[in-house]
Amino acid sequence: MTRFQFIIKSFLHYLKANLLVALGVAISTAVLTGGLIIGDSITFSLEQITNLRLGRTAYVVSTAGRYFRQGLAQDMENSSRLEIAPALISEAVALTGGGAHRANRVQVIGIDNSFEKIAQTNIYSGLKRNEAVISENLAARLSVSAGDNILLRIKKARLIPLNAPFVSDEESSVAVNITVKAIATKDELGRFSLKNSQTAPFNVFMPIRHLNRLMGFERKANKLLIAGGVNSAEIQSLLQKHWKPGDANLIFRQAGVAGEVEVLSERVFIENRVYEAYGALPGARGVLTYFVNGIEKGNGPGEKKEAPYSFVSTVSENELSPDGIIINQWLSDDLGAKTGDTLRLKYFVIGPLRQLKEETTPFVVKKVVGMHSRYADKTLMPFFPGLSDAGHCSEWEAGVPIDLGKVRSKDEDYWDEYKGTPKAFISIKTALGLWSNRFGDYTSIRFDKGGFDKAEFEKIFAGIPPSALGFSVAAVKDEGRLAAQNGVDFSQLFIGLSFFLLVAAILLAWLLFLLNLETRFSQIGTLSTLGFTSKQVKSIFLAEGAFVSIAGSLIGLVLAVSYTQIVFNYLNSLWYDIVRTNILEIKLLPKTLFTGFLISNLITILVINFSIRKKLKQQAADIQKKITTEEKKWVARVKWVAAILSLFSAIIIVFSQLIFSDSQNPSLFFMSGGLMLFSLLLFSGRILQYVAGRKAPQLSILGLSIRNTVRNRNRSLTIIILFALGTFLVISTGANRQDMFADAYEKASGTGGFLYFAETTMPIPFNMNDKAKRVEEGLSEDFSVVQLRKVEGDDASCLNLNRVSNPTILGVNPGELEGRFSFVKSPPGQGQGKPWQSLNQEPDGGVVPAIADQTVILWGLGKKVGDTLNYLNETGDTLRLKLIGGLDPSIFQGYVIIGNNHFLENFPTSSGSSVFLIDGDPEKSEKIAKELYLNFRDYGWEMAPAPQRLAEFYSVTNTYLSIFLALGALGLALGTIGLAIVLARSMLERKNEIALMKAVGFPDRKIFNVVAREYTGLLSTGVLIGLLAAILATLPSLTSANTGISVNTILAIVLAILANGFIWVVLLTSLSLKNKKLILALKNE
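Here the working numbering is used: the first residue of the sequence shown is 61, the next is one more, and so on.
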């Protein structure tokens, strides 16, 4: 017989035992390989979602609050092999059924027929004026189908930033009724989005020409969707080559009465980068024209005269002293002012959120000019919509309070004849000191007649890089795939969540193989006696074990696919909270299956090899007699020392945290729990060793149970380990569940003590805390509001599975958050215990301080406190945000927060506030919520109780814990199976012993007590060890106000584990005592 034949015959002879070992191997292989398959499948699904949301879009040209020519797409396409589609993208609120169904933050995409090249479907072709294609999820939300009507309230796009001086905020949105022509599926680009997220947005696709008309535009776009392309540099080169002044909203025209020419902007104020290009030219003269509230003369009663609401422009600083003013004849006649008189200009300085402060500055009249001189130039008036185009003064809509009662008939006459011709002029240097703003310092740049022409204007413009005016090129397809590949690692996650199940399966396989090996002691001894060397014996058993392992692993690969399918069914339904999508697909990669197969076999063979080596160290004669060798003394000492050191380390960590630390670190407590678990398990092994070496005490039922327990220490210790680990993981998992509604309104909590967190589709441009504005809007004084500005980015919260690099930025007044929220890592040098004030620090080396949730920093961004994030600001410069502090989990999850001053420096055209924190009396919360919704619903007001928002983030964590708990329970089930197998095997081995006990008069009840106490003791010891370690590991969670588990729940879990084990002990012991083999054994005795 060859060695191979011997191995096969041996395998078949012990087939039943080998199949049990293979089953344990199959379970561990299924768990390990299933985890790897889940990771591959999630990554594959995220990559597929990237393709579904982008179609053929590879690159996108975007702008920061600017709108360019729609024809730029055609210009770039004509000189390249690229396919380019222009798009005008905005946001809206969608309603049906008179408001019965509503969707906020709907993405409205204005498209033309070229969009078909991106979507590769004709569903979007031939859209008529009021027709639209909508996404499946929006159709479901609004309960509509093709042919139904939807009311859209679309965020009004403006060429002039909403917060710019004298821009009316009366029309923040436009309403339009549309008819649903078709509903786009995910395969028809219904999920279109430029954000790295697996969550599908609500989409409405409508004709770009109609959307332009609604916005008051003519052939404008704010996105170019590009199919193809080699790299971003190629796209930037094409953009630089083809962009024109109209793309930057610049105009060149004849102006003035002296034949001058000028450069001006449709955005009113000329950006500094544009002025740098043109203002440095010879003969260039910057002009700033401003709308003032009044021009006054005199002080006393009867002497004071005022010309209300006038435009004031500028002249060169060489022409006028800083305190001088030139007035026209009309103003001179109106006020009775002459050279040398003092006049006062009254004007508004416009701050953040349109906060107005009226200032007054005196000037001395230096000259009076005629109404037909070069100063009488109505083209100096900038174009302010609602003001410059008004037919009469009574029609003015200036974005600032205007008292029409002050407007006299002579003022109407002036407007009719001269429009906005400036009535006065001051030095440009003085004007810049009074009226410069973040949108630009000048309203035009003028050149003398013949000093500048259109060709030169366009030539100089061609040298301005598009990035300097907020144009950016993003490789969205590559970025999306990278975000998917580097997102949440579900392989590691599910292997981690299945850790105990994996360990339990490996221990079960090891236990089964060990039991199998023990039944073959005689065979091992016989082979040794026949002259087989230890090496040969080992190779035979190792080969047989490998055969068993391979068979088990192959079965495990099949089970892994089923395991993955079960997990995905739950991810697409019950565990939806952690993926936020229901289109996950399973992806089987050969390398993953091979990896799982290889690792599983490697672990199993190492375990088998360890078991065989340990047994073969005994002498052949001792093996045949089943005598266990004594453990070496030095090994025993090492285990004692390790147990004591682990225990003391755990105690020291806990006491140092409780006594010397201001905040408790959960990781350190979990480490201390792990150390205690390790220590107590070592002590258990030492105690079993110690009891085994002592003489048996006086014969008793308890004594017999103890002697039987220590007779086979490895089996007993395996049972203790299984139940200790299972109890530890199940209880520590449950204890980490959080109830975010407990003490939710404490200022140090994750809600910051706020009642509500709200967002709007359209930004609210005014200060909601201003008393006068509250009266105007009909708001009560029951609440206060912290308003935050927002620049859109990717969602970096735990709700997004992708790895993002540029999360949404919020700008806040740091003082309004002082004393709220808690920090895991506080900003350095915070001083006076005011960490939020660190956001006001001046940039160090151009780096702006920022704060984010610690979970966002660590998991969403893959960074740490002290690292830097890079953005592009509106001028094309790199904005570097340094993460100086990490918050405890809070309602800010997903955002990066900076100070308002730094925000406005980098994003000057950002208008109004889109994020709101509402504070007030919790008893009035319902009244406050109703009031805010009724007043701001047209802005797309979407509000949730702050604890509910926090709970939504924690639902992800709690779902992970639920998975851990479920898989831990399966691990405990395997532990129970292990207990049952050991008990059944023990009863089989001890059949002669039990038969003898029966023969000498022991009743079944006493024999039952001996066996039941033995295994109940092991079960109880394991559960007690796991319980003590779990309590220590989760002490911060158990003492937290937000703990989601009670003492009663912990006791219920412990009792359930004990009851489950005890039932199996009772059942198997009872069945074993009734076994007919015992009767045969009794006859033999």
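Idealized CB from N, CA, C, for every residue including glycine. Here the structure is a predicted model, which is why all the values come from computation and not from measurement.
- Within the region 321-383, the complete beta strand (DSSP E) segments at least 3 residues long are 345-347, 350-357 and 365-375, listed from N- to C-terminus.
- The criterion of a C-beta distance shorter than 8 Å is satisfied by L391 and A484.
- The DSSP-derived three-state label of R162 is strand.
- In this structure, the beta-carbon distance from L737 to L777 does not fall below 8 Å.
- Note that the region 420-434 does not touch the region 443-453; fewer than 3 beta-carbon pairs, one per stretch, sit closer than 8 Å.
- Taking all protein chains shown into account, I719 has fewer than 16 neighbouring C-beta atoms within 10 Å of its C-beta and is therefore exposed.
- Here Q180 is not near R279, since their CB atoms are 8 Å or more apart.
- Within the same chain, E457 come within 7 Å of E230 by CB-CB distance, once the 5 residues on both sides are set aside.
- Look at the beta carbons and you see the region 79-99 touching the region 607-621: at least three pairs across the two are nearer than 8 Å.
- With contacts defined as CB atoms closer than 8 Å, I144 and L285 qualify as a contacting pair.
- With 16 or more other CB atoms across the displayed protein chains lying within 10 angstroms of its CB, K942 is buried.
- Taking 8 Å as the cut-off, the Cβ atoms of A124 and T938 do not count as close.
- In this structure, S744 and T1081 form a Cβ contact; the two beta carbons are roughly 6 Å apart against a cut-off of 8 Å.
- For L106, the enclosing alpha helix (DSSP H) has its first and last residue at L75 to L114.
- Partner residues in the beta bridge of L284, as assigned by DSSP, are V121 and P146.
- Within the same chain, and ignoring the five residues on either side of P461 in sequence, the residues whose Cβ sits closer than 8 Å to its Cβ are L416.
- The Cβ-Cβ distance between G288 and A147 does not fall below 8 Å.
- Where S613 is concerned, there is no enclosing beta strand (DSSP E), although the alpha helix (DSSP H) around it starts and stops at S594 to L631.
- Distance between M1003 and N209, taken at the CA atoms: about 26 Å.
- Apart from sequence neighbours up to five positions away, the residues of its chain that approach L572 with a beta-carbon distance below 6 Å are L80, V81 and G84, ordered along the chain.
- Taking all protein chains in view, the Cβ of D394 is crowded by 16 or more other Cβ atoms within 10 Å, so the residue is classified as buried.
- Rounded to the nearest angstrom, the gap between the Cα atoms of T103 and G547 is 8 Å.
- A distance below 8 Å separates the beta carbons of Q108 and E645.
- Assigned with DSSP and collapsed to three states, Y955 falls in strand.
- Contact between the region 949-957 and the region 861-869 is present, with at least three C-beta pairs closer than 8 Å.
- By the neighbour-count criterion, in which 16 or more other beta carbons inside 10 Å mark a residue as buried, V1016 falls on the buried side.
- A direct Cα-Cα distance of roughly 20 Å separates G813 from L899.
- For the 8 Å CB-CB criterion, S706 and S739 form a contact.
- Using a Cβ distance threshold of 8 Å, I951 and R1009 count as a contacting pair.
- At the C-beta level, M136 and A217 stay beyond 8 Å of one another.
- Using a Cβ distance threshold of 8 Å, T503 and F226 do not count as a contacting pair.
- With respect to the 8 Å criterion, T821 and V153 are classified as neighbours on the basis of their beta carbons.
- Put simply, of N164, I97, R116 and K69 the residue whose alpha carbon is nearest the alpha carbon of P823 is N164.
- Ranking K693, K1058, S469 and K1134 by CA distance to the CA of R746 puts K693 first.
- Only exposed fits L1111, as fewer than 16 other CB atoms lie within 10 angstroms of its CB.
- Taking 8 Å as the cut-off, the Cβ atoms of Q901 and G946 do not count as close.
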